[in-house]
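S.K.: Residue numbers (the working numbering), protein chains in the order written: chain A, 26 to 483; chain B, 3 to 144.
Before I ask anything, let me first share the structure, which is written out below as structure tokens.
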């Protein structure tokens, strides 16, 4: 059943890889790995969006897998037609330095341990952590178990604690895979969480290997996988890891655009940001903050053109998210305080102090390493020194602004939350920091001196 | 070899060692979650299988009653929300709403709570008793 669950998602992943390749035609093995990991998540994202439309039109049918297979066949034909003169496989000559071998050996151990952690979590909690089964797997059950009446999943009669307003990326993917397999098996959400874990860690590593060096990619992965965030948190089937994946996808694609000026990368970045909004409500905030961040960062480089390409990619997921929020989803509980109470809360200085204290405490402890990973990165930057490239200033600015604005957005949500503030912070802050930690790691290791260079000079 | 170079090497070695050490801790934590043999959610689903079969429809709204809804009955407040969410997850695509105002209600009551409840609702419901403190109630009066 596990193999079948993997196979059922393969056409969607291949569709994603082909879409990425069609919009970003660069070649080479390093690029290919980035395309594979971008294609994995974007492919799963497009499948979820298209299944949403499919269910609106043909909720009695079980043929969505054939839609994905047809899409794959169509895209493959286009790619083969376009590439038939360039189809050459040239295997790279791989030579590792002693430093890279040490780093890769350490990384291999950590990868094996993380994989064992994930397998343990899946075996012991097959339905996932509390949020996972209560929100995402529950949504998938509503869609799968009553296909003709699936819109009842968003009934106002549903208790708000089940968050029927949450976007459907995970729920739709799980439900259509169950439909395709013909069985409601927990292997499907487990495989889905595994694919996002792989894609998230893989994209961080592959993108740093492409833009910086193998050593740089290895250290970033050691810091990501060594925390409990991928092996344990990622395996819990919550939406935070897929969301972090779409954050880093957007950020990597914006960075790559800044260095190559290929519009296809911006279209993909917009698409990834839209998929973030289709994954979790925090993704809608992310989608909003990327627009001014891009405008400011590329202000001297035809900002309207940049935004145009970006919004082109964003349009499809945005339309789906808006349709879902406007016509199907019950109101969100986070914004249920009302304007007057929200303003009162925002003016309450004790709430600011509580939030700032919690942000500070999380900064000092995040990652589960006793001392926080973020202070470790600060020390790392002081020792290895920053080496930003002046050509990539818009990329650093865009990514930096996105992360800062997103963090401010989280701050604002805590200010106006209708829930008990401390409870809300305790329940969610660690996961919010995790969402930003993955793209932050990418930004950090693009700015700091390559480890190979730093250790080449004594 | 200057001090900064040594610091860089120490930093890298520290990151590798810490990453491996905490990965082992993470694995230990993962191995401490629940039991391999029994999954509480699956057990909860088995408990409600009979209720699902007896309900005359597969979608719709059903009431949900527990000890906490019965004045005078004792209950564990810590489990209330968890059991409600578990039952909703189990019963999907049926929507559960708290209380007994719907035509059909699932009651999860211990014997004392059921006694108290039945004294004050005599004749208003057809009661189908089931295993494990579960009752399916059908409202007879509108």
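Backbone N, C-alpha and C define an ideal beta-carbon position, used for all residues, glycine too.
Would you kindly work out how many angstroms separate the C-alpha atoms of residue 284 of chain A and residue 257 of chain A, rounded to a whole number?
M.R.: Roughly 35 Å between the two C-alpha positions.
S.K.: Of all Cβ atoms in chain A, is any one closer than 8 Å to the Cβ of residue 95 of chain B?
M.R.: By this cut-off, residue 95 of chain B is an interface position.
S.K.: Less than 6 Å between C-beta atoms, sequence neighbours within five positions excluded: which residues of the same chain meet that for residue 458 of chain A?
M.R.: The answer, listed in chain order, is 387 and 391.
S.K.: Check whether the Cβ atoms of residue 460 of chain A and residue 265 of chain A lie closer than 8 Å to each other.
M.R.: Yes.
S.K.: I need the DSSP call for residue 68 of chain A, collapsed to helix, strand or coil.
M.R.: Residue state, collapsed to three classes: helix.
S.K.: Using beta-carbon positions only, say whether residue 226 of chain A and residue 272 of chain A come within less than 8 Å of one another.
M.R.: Contact flag unset, no.
S.K.: Quick one: residues in its chain with C-beta nearer than 7 Å to the C-beta of residue 26 of chain A, no 5 flanking neighbours on either side, listed in chain order?
M.R.: Taken in chain order, the residues that qualify are 210 and 212.
S.K.: Going by Cα to Cα distance, which pick from A:205, A:122, A:134 and A:146 is closest to residue 76 of chain A?
M.R.: Checked all of A:205, A:122, A:134 and A:146; the closest Cα to residue 76 of chain A is A:205.
S.K.: Given a threshold of 16 other Cβ atoms within 10 Å of its Cβ, counted over all protein chains shown, does residue 93 of chain A qualify as buried or as exposed?
M.R.: Result: buried.
S.K.: Exposed or buried, which one is residue 325 of chain A when buried takes at least 16 other CB atoms within 10 Å?
M.R.: Answer is exposed; the Cβ neighbour count stays below 16.
S.K.: So which residues on chain B does residue 150 of chain A lean against when the C-beta distance must stay under 9 Å?
M.R.: 35, 36, 41 and 43, listed in chain order.
S.K.: For residue 131 of chain B, list the residues DSSP reports as bridge partners.
M.R.: Residue 131 of chain B is bridged to B:137.
S.K.: Pick from B:39, B:81, B:135 and B:17: whose alpha carbon is nearest that of residue 145 of chain A?
M.R.: The shortest C-alpha separation from residue 145 of chain A is found at B:39.
S.K.: Going by Cα to Cα distance, which pick from A:182, A:105, A:216 and A:89 is closest to residue 267 of chain A?
M.R.: Closest option to residue 267 of chain A, Cα to Cα, is A:216.
S.K.: Which residues bound the beta strand (DSSP E) around residue 149 of chain A?
M.R.: Careful: residue 149 of chain A lies outside any beta strand (DSSP E), inside the alpha helix (DSSP H) at 123–149.
S.K.: Distance check for residue 93 of chain B and residue 182 of chain A, CA to CA, integer angstroms please.
M.R.: One C-alpha to the other measures close to 15 Å.
S.K.: Judging by CA-CA distance, which residue of A:109, A:312 and A:379 is the nearest neighbour of residue 297 of chain A?
M.R.: It is A:312.
S.K.: Check the Cβ of residue 171 of chain A against every Cβ in chain B and list those closer than 7 Å, keeping chain order.
M.R.: Within 7 Å Cβ-Cβ: 60, 61 and 95.
S.K.: Note the first and the last residue of the continuous beta strand (DSSP E) segment covering residue 110 of chain B.
M.R.: Run containing residue 110 of chain B: 106–110, per the beta strand (DSSP E) assignment.
S.K.: Are the Cβ atoms of residue 463 of chain A and residue 405 of chain A separated by less than 8 Å?
M.R.: No, the pair does not count as a contact, with Cβ atoms beyond the cut-off.
S.K.: Residue 139 of chain A touches chain B at which residues, Cβ-Cβ below 9 Å?
M.R.: Ordered by position in chain B, the residues that pass the 9 Å Cβ test against residue 139 of chain A are 25, 28 and 29.
S.K.: Report the neighbours of residue 183 of chain A on chain B: residues whose CB is nearer than 7 Å to its CB, in chain order.
M.R.: Simply 97.
S.K.: Are the CB atoms of residue 190 of chain A and residue 354 of chain A nearer to each other than 8 Å?
M.R.: Taking 8 Å as the Cβ cut-off, residue 190 of chain A and residue 354 of chain A qualify as a contacting pair.
S.K.: Three or more C-beta pairs under 8 Å: does that hold for the region 42–49 of chain A against the region 221–239 of chain A?
M.R.: No: the two stretches stay apart, fewer than three of their Cβ pairs being nearer than 8 Å.
S.K.: For the region 322–339 of chain A and the region 366–382 of chain A, state whether three or more C-beta atom pairs, one from each stretch, are separated by less than 8 Å.
M.R.: The region 322–339 of chain A vs the region 366–382 of chain A: no contact.
S.K.: Check this for me: beta carbons of residue 477 of chain A and residue 240 of chain A, under 8 Å apart or not?
M.R.: Yes; because the gap between Cβ atoms is below 8 Å, this pair is in contact.
S.K.: Would you list, in chain order, the members of the region 81–94 of chain B that have their beta-carbon closer than 7 Å to a beta-carbon of chain A?
M.R.: Here the close residues are 87, 90, 91 and 94.
S.K.: Ignore the nearest five residues each way along the sequence and tell me which others in residue 131 of chain B's own chain have a CB closer than 6 Å to its CB.
M.R.: Contacts found: 137.
S.K.: Where do the ends of the beta strand (DSSP E) carrying residue 72 of chain B lie?
M.R.: Looking at the DSSP string, residue 72 of chain B is not in any beta strand (DSSP E), and its letter there is neither H nor E.
S.K.: Against chain A, does residue 108 of chain B count as a neighbour if the rule is that its beta carbon must be under 8 Å from one of theirs?
M.R.: No - not a single Cβ of chain A is within 8 Å of the one on residue 108 of chain B.
S.K.: Rounded to whole angstroms, how far is the Cβ of residue 160 of chain A from the Cβ of residue 187 of chain A, which I believe are closer than 8 Å?
M.R.: Contact flag correct, Cβ pair sits at about 7 Å.
S.K.: Listed in chain order, which residues of the region 116–143 of chain B have Cβ atoms closer than 7 Å to some Cβ of chain A?
M.R.: If the cut-off is 7 Å between Cβ atoms, the region 116–143 of chain B has nothing near chain A.
S.K.: Would you identify the three-state DSSP class for residue 59 of chain A, choosing helix, strand or coil?
M.R.: Helix at residue 59 of chain A.
S.K.: Residue range of the beta strand (DSSP E) that residue 35 of chain B falls in?
M.R.: Residue 35 of chain B -> no beta strand (DSSP E), and no H or E assigned at all.
S.K.: Counting along the chain, where does the beta strand (DSSP E) carrying residue 418 of chain A start and finish?
M.R.: That residue, residue 418 of chain A, is in no beta strand (DSSP E); its alpha helix (DSSP H) goes 418–441.
S.K.: Strictly below 7 Å CB to CB, what residues from chain A border residue 20 of chain B?
M.R.: The answer, in chain order, is 251 and 394.
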